[in-house]
Each structure stands twice: as structure tokens, then as C-alpha cells.
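Peer 1: Submitted below is the structure of interest, expressed as C-alpha cells.
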Amino acid sequence: MAHRSSVSYPKHFSLHIFDTAHGESPIFSRLTLPTKSKTFTRLSQLCPRKILPLYHGELKVVSLGNTKDTDFLGLEFRCCYPIFFKNAEESSVEPSLEKIEVFTEEARNAGEAMCVKSLQPLGMNRCHQMIASMSKLCEMARSHPGILLTMIKQYLHENKEVCLYTYYGVVLRESDNVQEIKEHLSTLLGTSHQRALQREGMALTIGLVATRQLHITCAVLEEFILGKTPILKIDQHLEDIHWKWASSTVLLCCGHEASRTTDNILSLADSIGSQITWHSQRSHWKLIEQEPRDTLCTSACQDAMLAVAGLSKLKPPLEVKEKSEFLHPCFQSVLPLPLVESPEKHSSLMTNPPSIQVLYKQTMHTLDQVLQGFLFKTPSPGEVQYILEQMVAWMDSELPHERQRAVKSSTALLKFVVEQFRPKSQMKFTRMGYLVGMFGMFCNDPNEDTRVLAMDGVFYLYTILLQQKGHSLEADTKLKEKRKMQLFQHPNKASILDNMTSLGNSFQIVKAFADHFEVSQLNELMMTMVDGLKKNSFSQARTAAQMLSVIFKCYGTQLTEVADIGKKIYLQLSLIESIAVKKAALKAISLLVQHHTQELVFTFLEFSVLMNRDAVDLWRAMGSNPQVCPKVLHFLLKKLENRPSLTELSKLEGTYSESLAAMNTLYEIIFAPEYKNALKKVFPQLFFAMVTQIHYMFEFNKQDEDHYAYFKGDFTSVHTTKLSPQSTSVEAVKSLFSKNGFWQEFAYLELQDAWIQLATPISFCQGVSMLSRAMVDYDCPYIPGIMCHSMKMSRNEEERQRIVAMIFFTEFLRSPLGSRMVTHREVLNRLRKGIKDPCVMVRVISFHGFSNVAYSLEKGSLLQGQLLAFLNALYDPKEKVVLASLYSLTNVLYQIDKRDLIPLCVDVALSLRPFFDDDRAIIRSNSIYVFGSLVGRMESKDSPQLKDQVCRSLIPLLFHFMDQEEDVVKKAKFAFFRCASFLQWAELEKLFHRIAWEEGLRALHSIWKCFMENMFHKMDLFLSQALSYTRSKQWNIRIAAVLYIGHTVDLLPHEVSRVLDEPGMLLLYETFAQLEEDQEKFIQHMAAAHISSLKRLVHLP
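Oh and the sequence shown: position 814 is 814 in the UniProt record's numbering, straight run, nothing missing.
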């Protein structure tokens, strides 16, 4: 028996009977010749030599069809060949191994036998004629094959019977003319491929010729594949179906070649395998792709997959791309099929509907067989991993039944690996971490079947891992337990599986595998979970986050490339749709940062140059652990203080960005409640670093700076320059005050526009001084800490550090909290060193600091005398003298002790109040500011006389909120707030917000409410003051007065009638009557609107 290929090519039924689909019935299907019959024995003894004389010419036999018995002889001629091959098959005659003489002898014998049996009723004369014809044909095959081939080719076009294909192949095989063989085979392949009989016949011819002319047949097939035959010259709309037929022919031809030339096929195995692979793609793969996706009513998809799976076993094996092109249509045709109920509706209309459930199971089983078939030839872990990776897209499907099918097929493949390749226990799955993560994410799937299948998959992976690590006994034990469990059904299969494998939740899965994993595998598992955060399925994404938490918590110290981990998690945050999953992912980060604080802080700074919501959430998550918060702040401060010069930045790109990113991050952290307690501990260092950062930003935006503006003592003028790019740094400093409960210091600075001065290079030192003075005035508890840090920074090499440190040091000497930190001797030593500093600014600040060192009686008396002299100078007719006096008063009020100021505070207040309404805006502005400073210095002192003056100043200050000069408005707001604080009004913080951020009439109305709530008992005084302002030269002030009186009369009529007598109310009425004729239309309108209320108040008709 000849050796066959590993792939069996079942013979088409047309080899045994003719195609009944076209109305043909079997011909002589029952005609058999017993080998022991006399007829057979007699005919078989005839030799070709005895028949030879019957052949008298070459072309006379060809004209046999011209006789009157042509039809009958033609029929008999067609019948002799199937009879011969039927008997040849039964007697194990293999035509491919016989010579043409033997073949023709058998053909002649079969023909004679057929004639004897079938023609006997017609007479022996007709029988002898048939035998003569057969003999002549057999002789022609030996002596004149060309003529015979032409005749057979012509006859094939008309009849196309299998017997002629066989005879055609045997004759061609014996030919030595290569060109003749190629022409005939090419012509044969160029005929129709539509019927299965034709395709089988062509394959039979090619196979017979290949037994002697293998290289020629391979060349002809290759030429046919490349499109050099007439098969491609058909119409475009018929090309697909014709290629389908032609591809089937090629596959059959390759099969016949392989099965009939087993000894010589190895040299051309690559070529034939390529032909098979290519045409399987054109035929069966195409068939699979064209299967309907919405129904399954036939087994066509199964048959196609099995055919391709069988072809894939040929050598050479399929390339990776070819495998992918095969697996994709298989998955596309099987996995997305609808649920069983839907196809059953389609099949209900069929005559003989199949069992859809059985068909579904068979199709899924076929898919599993196909996947497992890939492993027979290449049973490697890489092959398993490749197939499973192709399945990932379907495991991520949004449809539950698609996910379940993909998980089921993947689990079945792993089970097959465990059971079939167990002897190869050293199989190394290089991507074990990826596989564990892929299956682990389905262990919490909402569908119980999917959940159980995924847990099965995890179990088989764990078994493989145990075998890899040499724990075969433990693996065998678990497999036995698994088989026992499968012997019975349990209503809660997932629970049973949990108890059996101890792999029922995220923690158990990670612990079981990670204990055996290498570092690379652990990193791979972790990266798989990071990728899983963006899954569309909520359960998968949540499970991925949970598994990440377990990895970071239990194995965080073993992880490498933490920076890449952090970057990838950050990039995933923007892709996570579920808020719950994002919170779980951030929780995982909080666990990882415990082990790798520095690496993650430096990594996340890269994403903090331009902060977004995800970056803020990331930093908040890092601070959720109270033990990690101080570390995070420490590393951020370290980066913030790493401020290279411009020269260094040109060599070290990116360092500036790190410092800026640290500032942005710290600014956001100030608002995060997670860092609240940690910020208090590092407040001195953080505050100092932020203030210094502002100065550092100036170096990138050089401007003409007048450092000595600080020593002019001009704290009354405000630079109106808009905030520069370093506004973020300034906002960070502001936030330190506002978010830590220092709202009074914040109000002090806000109402004086200290932030603008701080953000401007020319007034930076003045702004820092105002920061320190605000903290001194309100006894900030962080003064000792900032002073200690300033003393340490005063020895720093950076000039900007020494400047800021010396300002804080000298200003805090005025505070009892600061002065107790150092001895008098140490202060003098530091100031002496300061006046020798290389930086001129440090030297000047040090000189200025000597005025704050010590207090003595002589100094107090001297300042009192200066104060009186400056008050007298206020009445000088020269404006410059008045301004100089106001500037000097500001400095004296700053340096004089409160005890020395008490006797003179009322005189100062009385001297300043008349200048509130001065015609000169600069005089109004500075006098109001000095008055506010005076009230601020005396805030904690109980002085009834000063309190009366403060009350009498409220209405003028309030009305100057509407002043024409913006600087006067700002100074009036500052002084008004200091007065309210001095009088201890309720809800001062709310008042500050209204003063600071409301303007115009709206501010006047909202502040009026606070005014009345706290100073209702002074209504008569305020109404009389307001009445005098109705005659102000500024129409804005007149409007403020009218609005105040109108609001009071309209909203508090009964209270007004109680505090004013009749002449007073009549005076109000007459004043408003005159205002109806004011030059300003708005004042006329307001007066007219309130005149009716005044009429009712004075009882006028």
C-alpha cells in the first residue's frame, strides 16, 4: 500500500457514480466482472500483439464516430472506462504506479469484458467491433500519444467524464515532450471548474502526471495561481465565484500530488504547501468570512474551519500573519453569533430545521478543535499565547455572550495544554503575567458562567505555573480535585471553585501567582492591570484596579521601572469612564507611593507643568496616607528650591520646568484637605520657599528695578501694574494665608494691594515687608518657625535667599514672638554681618533692622516729639510738605510703641479726619491710609475717645468708596475695614469679602446692611453726616449720600422717626426736594424716588 499524506482527501462521490444533480443516472454501476469467469480469463490472455493487426491507420480510428453506429459505440466507449476503474479500484490497482502498457492492457481487457456482457444481446459482430476500437485506442496511446491527446481533449470539452480524465493523465504521464505536457495541462486548467466532477477530474489528471513529471505539474499549478491562465479573463462580476471553483481545484490538485508522489514530494513540499495555504485563504477562509453573522442554520462554517485546520497541518507551517488572517474570520463568524433563541426563529421556516442548540455546540467545539489543531505541529507556549492574544478583542466585547464564548474557548485551550502536553512540564510561558491578568479580570464578571470559566482559566494557568516551578505533585493534586468537582453539579459552582482553588478573588489570585513570579512576570501582570483600567466593562476595570492595589500593597518593593508605571497610570486616568474605577486606581497609587515616594513625585512632576484635573487627583491620592504626606512635601520643596541660573539652564534643559511644576503642584496641594495637617508642619519652609520663588521668576523677566523704593518707606502708593507670569507663585502665597485660617492677615494684604507689589520686581521687597508686617500685627503663630528658617537661609549662597531672609528677620524683631527667639547680642551680630554682605540690598536691609532692635524711654520720647511735629506740618500750605509729613507719620506709627502712642492717638485722628475730603486726591488718599494704620495699631487697646473718632469716620470712609480716584477708593476700603475690626463688628470675614470684591453701588448696598446691623444705635449721627455729603463737590459722593439716606428711610422708617425730631425730618425732606433739581439726572431720579417716603415720614399731604 502506498504511503499517504497526513491529510486525507476524500474522493468525491462522482468518482464512483456520475453527478445525479444534472439528471444523470449511474452507468453500469452494477456491472462487475468476476475474475474467475471464462470471459475474463479469455480476454485477459489476449496480448496487445494479437490485437495490433486490427489497427490499419492513424486517422481511421478517429473517424469511428462517422459510422452509422456512432451513438451506440460512443455510449459504450464512455462506459468502458468507469467499469475499468471500478474493477481496478477493487483489485487494488494503482494507476499511478503502472506503465502505460499495463494500463492499456487493463483497459482493453475491461472493454472486451464489457462488450461481451453488455453487447451480447446485439450479437458478437458488434462486440468484436467495440473490442477492435478499444484495441486501436490502446495502441495509439503507445505509438501516437499526440493524436490521442488531442482527441481526448476535444472529447473532454463535450463530455467531461472521469474515465477520460484518468486516461488523459496516464497518456500525458508517458509523454517526454515537456512543452506538450504544459500546454495540455494549462488548457485543461483553463476549462470550466464549475462542477465538482470537473474539478475532481482535473485533480486526477494532475496527480497522475505528477507521478512522473512532478516539477512540470508544480510549475503549471504555480503559473495557474499567478493568473497566467484563462480563468482570470472572465467578467469582473463572476470573478469571485470562479476563483472559488478554481481554488478548490488547486487544493485537490495539490492533494493528489502529495498522495501520489510520496517519495519525491519532500523536495517540493514548500511550494505545494504555499499553494495550499494561499488557495485555502482564497476558498475556505473566504467561505468562513462570508458566513452570515446573524444566524447559524447549517454546518458550512464547521466544515470550512475543519478543512482549513487540516490544511494548516501541511508543511511549511503557516506564518504569523497567515494565522492571524485565518483566526480572525473564524472568530468573526462564530463568536458574535446571536443567542440560540434568535437562530431558532430563522430555522423555524426551514423544511427540515436542524437542532440549533446542537449546531451551536458543534460549531463552538469545532472552533476549539481548530485552535487545538495549531498546537499539534508547534506545541509551544508562544503558540498558545499568540492564540489567546488574538482572542483578547472578543474578551473585551460589550456583549456578554461574546465575552463568555471567548473566555470559554480560551479556557478550553488552556485545559487542552494542561492535559495533552503535561509531559512537557518545562514549557515556559514567557507572558504568564499577561495571561493571568487577562483571565483574572473576568473573575468578577456579572455573568456567573463567564465568571466560572474565567476562574477555570486561572486554575489551569496556576497548574502550568506549578509545573514550571517544579511543583508537579501539588499540580497533580489540584487537577485531581478539579476532576472530582466536575463529577457532580452544584448550584453555586463559583463558590465551590473558590474553596477548591483558593483563587476566588483578586487578592487570592495575585498572592497565588506573585509568590512564584519572577520580577519581570510581576511587572507584566502589573502592566496588564494598568491597561485594564480603561476597559469598557465596569467589572473588568474595577477588578484590574483591585488587583493593582494588591500588587502595590504586597509586592510594591519588588517592582522595577516605577517611573514608567506612574506615567502609564496617569495616562490611563483620562481614559477611565467610571468614577468608581478611577477612585480605585487612585487608591492603588496611594499604596505604591508608600514604597517609591521619591520616584513617583519626580515622575508626576512631569505632568504638573500644566495642571489638569487628573494630575490634581493624582497628587491628592498620594497624600491620602498621612505618613506619606510629609515625604511628598519634602521632595516637592526639594525640587522647588532647585533653581539653577540662566547659564545653568541653558546646559540643563528641563530643570526650570521642574521648579515651576513643583510650584504649580504645591499651589494645588494647598487646597487639598489630605495635606492640611502636613502643610502646617512645613508651613515656615513652604512659605519662605514660595516667596523666594517669586523673586526667582523675576530673573526670567528682567526689568528696571529700584530696590531702594523699599527704603523710601512709601507704603501708601500702590503700583497698578498687572500681574506678571509669576502670578501663580503669588497666588500660592495668597493661598497659604487664606486656606490656613489667616483671613485677617489676608484681608490686611488684599486691601492694600500687597499682592500686586509682591508680583512686581520694583516693589518686591516692599511686598515681602508687608507680608511680614501683617503677620506681626495679627501675631501669626508661624513667626518663630519662619524666623528660624530665615536665620538659616541668611547664610545661603543664593542672593535672593539672603534678601528674603533678612527682610523677615528684621521685620519679625518687632514681634514679641520673634524677639524671644534670639538674644539681643545675637541680633546685633547678625545685623553686623548683614552690613558686610556682598549684596547691597542685604546691607541696606541690615542697616534698617537696627531701628527694630531695642526699645528705650529715650527712643519713645523722641518718636513722640517727631509725631507732634509732623502733625503740625500737615497744615502747611505746600502740598509736598503735607505729603512728606504723611509719609513720616506712617514710619513713626510703625516704629513707635503702642504705649507711647496711646496719649497721642486721638490728636492724630482729629488731625487726619479733615483731610478725608480734601480737594487733592493724593492728600485724601494718604491721610485715609495713615488713619487706617493708626486704628490698626490701636486695635487691641481700649480708648473711648479714639472709638468716638472711629465712629465719626465711618460715613466719610463709606462714601469715599464712590470716590472718583481709584487709589482713594482702595485706601478708604482698607481704613473702613480696620475701623470695623477696631469696633469688633460681627461677621468681619463676610464684611471683608464684600469690601474686597464688590464695587460701586452694589458694594454700597451690601455694606449698608452690615453697617446697620452693627451701628444701628448711631443712626442719628450717620444721617446727619450723610445729609452734609449731599452738598459734596463730587457727584459720586452725593449719589452715595442720597442712596444711604434713601435706603435708611425706605427700609427703616419707624426707626428713623424715633431718632429724628420733626425739624430733622423736615430738613431731610427739603434737602431731597432740592436734589430733584440737581445737575445729575441720576441724582434727580433717586431723589424723586425717595421723596414720597419722606413725605409720609413728615406727614405731608
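Note that the Cβ used here is the ideal one computed from N, Cα and C, for glycine as well.
May I ask you to report which of helix, strand or coil DSSP gives T1030?
Peer 2: T1030: coil per DSSP, three-state reduction.
Peer 1: Straight-line CA distance for Y1044 to I762?
Peer 2: One C-alpha to the other measures close to 40 angstroms.
Peer 1: Starting from R403, trace the alpha helix (DSSP H) both ways and give me its first and last residue.
Peer 2: That run of the alpha helix (DSSP H) goes P400 to Q420.
Peer 1: Which residue wins for smallest C-alpha separation from K639, given the options T603, P381, D614 and T647?
Peer 2: It is T603 whose Cα lies nearest to the Cα of K639.
Peer 1: Mind checking E448: buried by the 16 CB within 10 Å criterion, or exposed?
Peer 2: By the 10 Å Cβ count, E448 comes out exposed.
Peer 1: Could you tell me if Q521 is buried or exposed, where buried requires 16 or more neighbouring beta carbons within 10 angstroms of its beta carbon?
Peer 2: Classification of Q521: buried, given that the 10 Å Cβ count is 16 or more.
Peer 1: Please classify F1016: is it buried, with 16 or more other beta-carbons within 10 angstroms of its beta-carbon, or exposed?
Peer 2: With fewer than 16 Cβ atoms within 10 Å of its Cβ, F1016 is classed as exposed.
Peer 1: Rounded to a whole number of angstroms, what is the C-alpha to C-alpha distance between L367 and L413?
Peer 2: Approximately 10 angstroms between the Cα atoms of the pair.
Peer 1: What is the DSSP secondary structure of M441, reduced to helix, strand or coil?
Peer 2: Coil.
Peer 1: Can you give the Cα-Cα distance for T205 and V392, rounded to whole angstroms?
Peer 2: Cα-Cα distance, rounded: 46 angstroms.
Peer 1: May I have the straight-line CA-CA distance separating M841 from L575, to the nearest angstrom?
Peer 2: So the alpha carbons of these two residues sit roughly 52 angstroms apart.
Peer 1: Could you check which residue in R913, S324, L934 and F1011 has the C-alpha nearest to that of S888?
Peer 2: It is L934 whose Cα lies nearest to the Cα of S888.
Peer 1: So C951 and K1009 are in contact, right, with Cβ under 8 angstroms, and what is the actual spacing, rounded?
Peer 2: Their Cβ separation, rounded to whole angstroms, is 18 angstroms, which puts C951 and K1009 out of contact at 8 angstroms.
Peer 1: Rounded to the nearest angstrom, what separates G433 and S608 at their Cα positions?
Peer 2: Taking the straight line joining both Cα atoms gives about 32 angstroms.
Peer 1: Whole-angstrom Cβ separation of A921 and E965, contact assumed at under 8 angstroms?
Peer 2: Going by Cβ atoms, the distance from A921 to E965 rounds to 4 angstroms, so yes, they are a contact pair.
Peer 1: Nearest to L771 by CA position, among P877, L1097 and L749, is which residue?
Peer 2: Nearest C-alpha to L771: L749.
Peer 1: In angstroms, rounded to a whole number, what distance separates the CA positions of V510 and L525?
Peer 2: Rounded to the nearest angstrom, the two C-alpha atoms are 9 angstroms apart.
Peer 1: Cα separation between V804 and I670?
Peer 2: Spanning the two alpha carbons is a distance of roughly 22 angstroms.
Peer 1: For G932, collect the residues of the same chain with a Cβ closer than 6 angstroms to its Cβ; drop the 5 residues on either side in sequence, then sort them by chain order.
Peer 2: Cβ neighbours of G932 beyond the five flanking positions: F974, A975 and R978.
Peer 1: Should L875 be labelled buried (16 or more other beta-carbon atoms within 10 Å of its own) or exposed?
Peer 2: For the sequence presented, residue 875 should be read as Tyr rather than Leu. Burial call: exposed.
Peer 1: Is it true that the CB of S578 sits closer than 9 angstroms to the CB of Q546?
Peer 2: Their beta carbons are not under 9 angstroms apart, which means Q546 does not touch S578 by this criterion.
Peer 1: Could you give the first and the last residue of the continuous alpha helix (DSSP H) run that contains L874?
Peer 2: Neither: L874 is in no alpha helix (DSSP H) and is coded neither H nor E.
Peer 1: Taking the straight line between their C-alpha atoms, what separation do you get for Q467 and M395?
Peer 2: So the alpha carbons of these two residues sit roughly 27 angstroms apart.
Peer 1: Can you give me the Cβ contacts of L636 inside the same chain, cut-off strictly under 7 angstroms, excluding the 5 residues immediately before and after it?
Peer 2: Excluding sequence neighbours, L636 sits near V601, A662, T665 and L666.
Peer 1: Please name the residue in D564, H1047 and P379 whose C-alpha comes closest to that of S1006.
Peer 2: The residue with the shortest Cα to Cα distance from S1006 is H1047.
Peer 1: Relative to the alpha-carbon of V1059, which residue among G169, S1028, F1022 and E257 has its alpha-carbon at the smallest distance?
Peer 2: Per the Cα distances, F1022.
Peer 1: Cβ of S846 within 9 angstroms of Cβ of M806?
Peer 2: Against a cut-off of 9 angstroms, the Cβ pair of M806 and S846 comes out as a contact.
Peer 1: Quick test of the definition: if touching needs 3 or more C-beta pairs under 8 angstroms, does the region 370-387 touch the region 403-418?
Peer 2: Yes: the two stretches touch, three or more of their Cβ pairs being nearer than 8 angstroms.
Peer 1: Whose C-alpha, out of Y570, S624, K534 and A580, is nearest the C-alpha of L605?
Peer 2: Of the candidates Y570, S624, K534 and A580, the one whose C-alpha sits nearest the C-alpha of L605 is Y570.
Peer 1: Mapping DSSP to helix, strand and coil, what is M529?
Peer 2: If DSSP states are grouped into helix, strand and coil, M529 belongs with the helices.
Peer 1: Rank E561, K182, A580 and D476 by C-alpha distance to the C-alpha of H596 and give the top, closest one.
Peer 2: Of the listed residues, the one whose Cα sits closest to H596 is E561.
Peer 1: In three-state terms, what does DSSP make of R42?
Peer 2: With a pLDDT of only 36 at R42, under the threshold of 50, the placement of this residue in the model should not be trusted, and no figure is reported.
Peer 1: Excluding the 5 residues flanking D963 on each side, which residues of the same chain have their C-beta closer than 6 angstroms to its C-beta?
Peer 2: Once the five neighbours on either side are set aside, the close Cβ partners of D963 are V969.
Peer 1: Beta carbon of V930, beta carbon of L901: below 9 angstroms?
Peer 2: Their beta carbons are not under 9 angstroms apart, which means V930 does not touch L901 by this criterion.
Peer 1: Start and end of the alpha helix (DSSP H) containing F671?
Peer 2: No alpha helix (DSSP H) contains F671, which DSSP labels as neither H nor E.
Peer 1: Starting from the Cα of T543, find the closest Cα among D456, E599 and V436 and give me that residue.
Peer 2: Here the closest residue by C-alpha is V436.
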